[in-house]
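Trainee:
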Amino acid sequence: MSSNHLRPAARHSGARTRRALLAVSASLPILAAAAAPALAQEAEVAEVVVTATPIRDSIEKSLEIQKASDNIVNVIASDTIGRFPDATAAGALARLPGVGVQRDQGQERYIQIRGAPTRWTTVALDGVNVLGAENRIFRFDSVPAAQISELTLSKTLLPNMPAEALAGRVDIRTFSPLDNPGFHGFFDAGGGFVDMGDGPVEQYSGRLSWANDTWGVSLIGSHYSFEQHTDNSEPRFDDVGITQLRITKYIITRQTESYSGRIEYAPNDNHRFRLTHLKTEFNDFEERNQNRFQYDRAYQITTRNFDTFEGVGVPQDATFEYGTFSNSVKLTNLHGDHEWGGWKGNWDLAYTETEFNSDIPLVTQQTAGGLSSTPTLANALLLPSIVTQVNAVSGGFPHNTMYDTILVGGVPTRGPARTSLDQMSLNEEFATESSSLLETDAFTAKGDISREWESFGADALFSAGFQFDDRSQDSRTVALVRPDGTVVSGNRNGFNLRTIAAQLGIDWNPYSYVTTVPWDTNFDHGFTVGYMHNPAMRSKLDELMDAARAANAAGANYAVYDWDTRADNTVDEKVLSGYVMNRWRWDRHTLVGGLRVERTEIETDGLANAGGVLQPLSFSSEETNIFPSLHYTFDYSDDLKLRAAFISGQARPSLAGLRATVSVNDNAQTISGGNPFAVPETAYGLDGSVEWYFGPASLLAASAFHREVKDVLFSSTQVVGDDSYNFDGVDRSQYLISATVNGGDGYLSGVEFIYNQPFTFLPGPLSGFGFQGSVSFTKGEFETPEGPKVEFPGTSDRITSATLFYENYGLSTRLSYQHRTAWLDEVFPSGSSDNSNLYWDATTRWDLSIRYEINPNFSVFFDGNNLTDERGVRYQGVENRPYEIEGFGRKFMAGVRATF
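Heads up: the sequence shown is residues 3 to 902, going by the numbering used here.
1. For residue 50, is the classification buried or exposed, using 16 other Cβ atoms within 10 angstroms of its Cβ as the cut-off for buried?
2. So is residue 455 buried or exposed if we call it buried at 16+ other beta carbons inside 10 Å?
3. Round the Cβ separation of residue 238 and residue 220 to the nearest angstrom and send it over; I've been treating them as touching at under 8 Å.
4. DSSP three-state call for residue 157: helix, strand or coil?
5. Using a Cβ-Cβ cut-off of 7 Å (strictly less than) and excluding sequence neighbours within five positions of residue 595, which residues of its own chain qualify?
6. Alpha carbon to alpha carbon, how far is residue 772 from residue 699? Give it in angstroms, no decimals.
7. Which two residues bound the contiguous beta strand (DSSP E) that contains residue 444?
8. I need the DSSP call for residue 534, collapsed to helix, strand or coil.
9. Near residue 227, which residues of its chain fall below 7 Å by C-beta distance, leaving aside the five closest residues on each side in sequence?
10. Among 435, 646, 333 and 824, whose alpha-carbon lies nearest the alpha-carbon of residue 71?
11. So, are the CB atoms of residue 435 and residue 489 less than 8 Å apart?
12. Let me know the secondary structure DSSP gives residue 539 once reduced to three states.
13. Please classify residue 513: is it buried, with 16 or more other beta-carbons within 10 angstroms of its beta-carbon, or exposed?
14. Pick out whichever of 191, 388, 707 and 769 has its Cα sitting closest to the Cα of residue 985.
15. Do you know how far the Cα of residue 139 is from the Cα of residue 91?
16. What does the alpha-carbon distance come out to for the pair residue 572 and residue 659?
17. Express the C-alpha separation of residue 561 and residue 800 in angstroms, rounding to a whole number.
18. So, is residue 104 buried or exposed, given that buried needs 16 or more other C-beta atoms within 10 angstroms?
19. What is the rounded straight-line gap between the Cα of residue 432 and the Cα of residue 492?
20. DSSP has residue 123 in a bridge; who is on the other side?
21. Does residue 427 come out as helix, strand or coil in the three-state DSSP assignment?
22. Apply the 10 Å Cβ neighbour rule to residue 791 and answer buried if 16 or more other Cβ atoms are within range, or exposed otherwise.
23. Drop a sphere of 10 angstroms on the beta-carbon of residue 763, count the other beta-carbons inside from all chains shown, and report buried for 16 or more, exposed for fewer.
24. If I follow the unbroken beta strand (DSSP E) through residue 683, where does it start and stop?
25. If you count every other CB in all the chains shown that lies within 10 Å of the CB of residue 680, and 16 or more means buried, which is it?
26. Leaving aside the five residues before and after residue 130 along the sequence, list all residues of the same chain whose C-beta is less than 8 Å from its C-beta, in chain order.
27. With a cut-off of 8 Å on the beta carbons, I'd call residue 313 and residue 304 a contact; round off their distance for me.
28. Going by DSSP, name the residue or residues bridged to residue 404.
29. Between which residues of its own chain and residue 63 is the CB-CB distance below 6 Å, once the five residues before and five after are set aside?
30. Is residue 884 buried or exposed, if buried means 16 or more other CB atoms sit within 10 Å of its CB?
31. Nearest by alpha-carbon distance to residue 331: which of 370, 570, 285 and 766 is it?
32. At 4 residues or longer, what runs of the alpha helix (DSSP H) sit wholly inside the region 599 to 674?
33. Would you grab the beta carbon distance between residue 409 and residue 383 for me? Rounded to a whole angstrom, and I think it's under 8 Å.
34. Any heavy atom of the ligand FAD closer than 7 Å to the Cβ of residue 364?
35. Which runs of the beta strand (DSSP E) spanning at least 3 residues fall entirely within the region 822 to 873, listed in chain order?
36. Would residue 750 be called buried (16 or more neighbouring beta carbons within 10 Å of its own) or exposed?
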């Protein structure tokens with residue numbers, strides 16, 4: 003990981019790179035304009051023009067698939083020569099109607115379909131459902147374009163699809179060499195920068211494939227990374243005014259790598275086999291420089307409200323980190339397709355591994371007492387005095403004037419003003435920890451058969467199949483653990499770095515890691531802060547931990563980073579399902595009906611920690627559900643389709659939410675942890691759509707949906723109500739348990755409008771323009787366990803997506819706009835108080851993509867993301883109570899692609 007804040011020369015180099023990159027991007031349209039007359043003249047003479055139109059080709063192919071489908075879908079497909087139009091699956095899904103994208107520090111990560119929670123969406127790779135590594139939730143930015151051939155979002159599920167989705171199912175189809183005979187390949191390479199911090203961007207990807215009539219082989223690889231500097235300002239408020247401010251500078255290197263290999267074998271026209279292995283991995287290498295100021299516990303407070311704060315001796319602490327977040331999916335799948343005696347069949351044997359792990363050791367720096375108490379007179383002199391303009395408006399962040407604190411007449415008093423934060427005054431450091439492991443293994447066996455027949459005077463297709471999923475999830479966390487197994491808190495009494503370093507004879511000087519380079523920030527905090535050399539501090543922390551472990555081996559009793567066995571947990575889930583369905587086609591009418599039966603068994607083993615005494619716990623449950631569905635299509639004409647559907651489905655609790663492990667406090671009569679008794683959310687609903695395919699790559703459509711939801715999952719506190727935790731002779735049936743529980747009922751409704759059209763009717767060069775857009779309106783709410791109703795997390799009232807593209811003379815360019823209104827992020831703490839809920843404010847995003855085809859084998863490209871430097875803003879209850887303001891800058895990349 004690079005650290006540009008320690009290499010000023012790199013910033014000058016980055017500035018030169020920026021100028022060169024922007025110059026190249028600006029030249030692409032100019033080159034195309036210069037080439038236009040010559041190409042037009044050539045067209046008149048030769049009467050043949052070969053024009054690269056990847057955007058238009060992709061839209062046309064996508065709409066052909068959508069038009070032929072039996073259910074309501076949206077599709078994004080690669081163009082006629084295999085180019086996928088977006089960098090990742092997340093970027094592609096962001097342009098589909100009714101899809102809200104949730105970004106993390108500016109990067110598309112999760113999706114919310116039709117305003118539903120992320121957990122209501124499932125993902126399949128080549129038709130095999132894959133659990134997302136983050137408790138069923140899938141990271142769509144982890145799948146790069148090099149792996150994708152086609153992406154289908156099913157908004158109404160057919161019986162042959164697993165019923166574990168209430169909003170939709172995303173099926174990511176990967177490249178097939180047998181469908182592309184011959185020797186083919188591509189390679190692209192790009193580089194660029196993120197303007198905040200001048201962090202580098204780099205991308206490499208390639209694909210090689212060969213196939214004849216019998217065998218096919220492909221190899222695909224992709225690497226994408228960028229260094230990003232992120233600003234965070236997080237004020238906190240009570241009923242009086244501002245209470246705390248947290249400011250953070252992250253330096254993050256985000257890296258996505260994906261590799262796959264496939265062998266396909268077709269001995270004849272009736273049999274075809276494929277073996278695929280795919281791995282995709284996301285890593286977040288993160289440096290954190292964080293400072294907190296606790297206004298409401300200052301030694302002396304003159305003013306504290308929503309406009310101004312003025313105080314002397316404001317408690318302050320700092321947290322530093324050099325760690326890693328990782329998220330990976332590995333899939334090995336053996337698949338077969340067969341035809342015999344009028345029957346068709348296919349099967350899959352798949353093994354999937356997912357990991358969501360973190361390695362986040364932290365160092366916290368403070369004075370005695372930290373933020374939890376008013377400082378003593380002696381400590382007040384180590385802390386700043388501050389005058390703050392709170393700026394409690396939408397997207398506002400506090401502006402501070404910093405002062406030294408001096409002693410006047412024996413009283414701490416505001417002294418001279420400072421322009422920079424004093425990073426040499428805090429006098430104690432201790433280690434904390436936020437590392438964890440979450441690993442899931444899954445085995446899937448599935449098979450399907452189908453046969454054409456005649457039924458009720460219609461051409462019919464009968465289908466049936468089964469699927470068995472065996473999933474197991476293990477979770478562990480890291481804590482400070484003594485050799486005797488005692489777990490200590492991550493505070494000044496757990497692993498005090500100054501004290502333990504002195505005892506072990508190791509030098510520890512935290513001030514040596516303070517650099518003279520100020521944060522490269524777009525936020526005016528009112529003072530500057532110097533970067534910490536986090537990698538060097540992490541190295542010294544590791545050295546101290548190793549020395550403490552060596553001392554423990556000799557009989558000492560230091561608390562060191564180790565697995566906290568109290569939190570160990572395993573959850574096993576087995577799902578056996580089967581379905582039957584039939585499709586009837588009478589002239590212009592198509593009807594698909596059927597049902598799916600799913601039997602689910604859950605077993606979970608964990609521990610109850612009651613005052614340090616560990617009690618093994620095991621729970622099991624099973625249930626069987628039936629999910630009918632009916633899909634009707636009427637072809638009013640060859641270009642106009644009317645669709646209607648009745649569907650049903652469920653969304654299971656996360657495996658972590660079903661864990662047995664809990665923490666019991668007999669004094670407070672409370673329990674917190676997992677809830678093995680939570681049941682799936684279930685829903686049934688109606689969908690309808692009108693789709694007019696009025697030309698090549700052209701669509702005008704409107705659709706509506708409604709879902710009635712039961713047993714909505716919700717984090718809450720309620721009475722245990724049974725004897726599940728009555729061990730050691732203690733009746734805990736009336737204790738309060740805080741966990742994921744089932745709430746009441748709810749609904750989700752909405753409408754969507756879509757318009758796609760290339761403007762080929764315009765004269766001359768203007769015929770290269772086109773438009774792709776949608777707008778959706780959604781409304782929904784559910785009843786919490788306490789009774790009040792709240793909207794579903796992730797529901798924006800309106801989501802708008804619009805793309806203006808131009809393709810002509812080898813130039814292919816796209817300007818994309820995405821906007822979504824504010825949405826509920828977290829019901830905090832329990833939904834009982836509207837003004838405590840956390841919301842993401844409305845977001846607007848502009849992105850630009852330019853491709854220029856030099857010849858059929860070589861092209862150059864330029865991408866610009868977040869062109870308007872949009873910030874992420876969360877607020878608490880109302881817009882003038884900002885909770886988090888996040889800035890991450892613009893990202894630019896240019897490169898070259900070779901195809902053969």
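Every residue, glycine too, gets a C-beta built ideally from N, C-alpha and C.
These numbers come from a predicted model, not from an experiment.
Mentor: The structure says:
1. Residue confidence for residue 50 is low, a pLDDT of 34 falling below 50, so the modelled location carries little weight and cannot support an answer.
2. By the neighbour-count rule (16 or more Cβ atoms within 10 Å), residue 455 is not buried but exposed.
3. Rounded, the Cβ-Cβ distance is 52 Å, inconsistent with contact.
4. DSSP places residue 157 in coil when its eight states are reduced to three.
5. 583, 584 and 632, listed in sequence order.
6. Cα to Cα, the separation comes out at about 10 Å.
7. First-last of the beta strand (DSSP E) with residue 444: 438 to 457.
8. In the three-state reduction of the DSSP assignment, residue 534 falls in the strand class, which pools E and B.
9. Excluding positions up to five away in sequence, the list reads 204, 255, 256 and 257.
10. Out of 435, 646, 333 and 824, 646 has the C-alpha closest to the C-alpha of residue 71.
11. No, these two residues do not count as a Cβ contact at 8 Å.
12. Helix.
13. By the 10 Å Cβ count, residue 513 comes out exposed.
14. In the structure as shown, the chain begins at 3 and stops at 902. Residue 985 is therefore absent and cannot be evaluated.
15. Take the alpha-carbon of residue 91 and the one of residue 139: they are about 14 Å apart.
16. Their backbone Cα atoms lie some 11 Å apart in a straight line.
17. When rounded, the distance between both Cα atoms is 51 Å.
18. Buried is the call here.
19. Between residue 432 and residue 492, the C-alpha separation is close to 7 Å.
20. Answer is 170, bridged to residue 123.
21. Three-state result, residue 427: coil.
22. With fewer than 16 other beta carbons inside 10 angstroms of its own, residue 791 counts as exposed.
23. By the Cβ-count criterion, residue 763 is exposed, with fewer than 16 other Cβ atoms from all chains shown falling within 10 Å of its own Cβ.
24. Counting along the chain, the beta strand (DSSP E) containing residue 683 begins and ends at 683 to 697.
25. Residue 680 is buried by the Cβ-count criterion.
26. Excluding residues up to 5 positions away in sequence, 333, 335, 350, 352, 354, 446 and 448 lie with their Cβ nearer than 8 Å to the Cβ of residue 130 in the same chain.
27. Indeed they touch by this definition, with Cβ atoms about 6 Å apart.
28. As computed with DSSP, residue 404 is found in a beta bridge with 388 and 420.
29. Excluding sequence positions up to five before and after residue 63, its CB lies within less than 6 Å of the CB of 79, all in the same chain and listed in chain order.
30. With 16 or more other Cβ atoms within 10 Å, it is buried.
31. Nearest C-alpha to residue 331: 285.
32. You should have found no qualifying run.
33. Yes, residue 409 and residue 383 are in contact; Cβ-Cβ is about 6 Å, under 8 Å.
34. The ligand FAD is absent from the structure shown, which contains no ligands of any kind.
35. As far as the region 822 to 873 is concerned, its whole beta strand (DSSP E) runs of at least 3 residues are 825 to 828, 840 to 842, 845 to 857 and 860 to 867.
36. Residue 750 is buried by the Cβ-count criterion.
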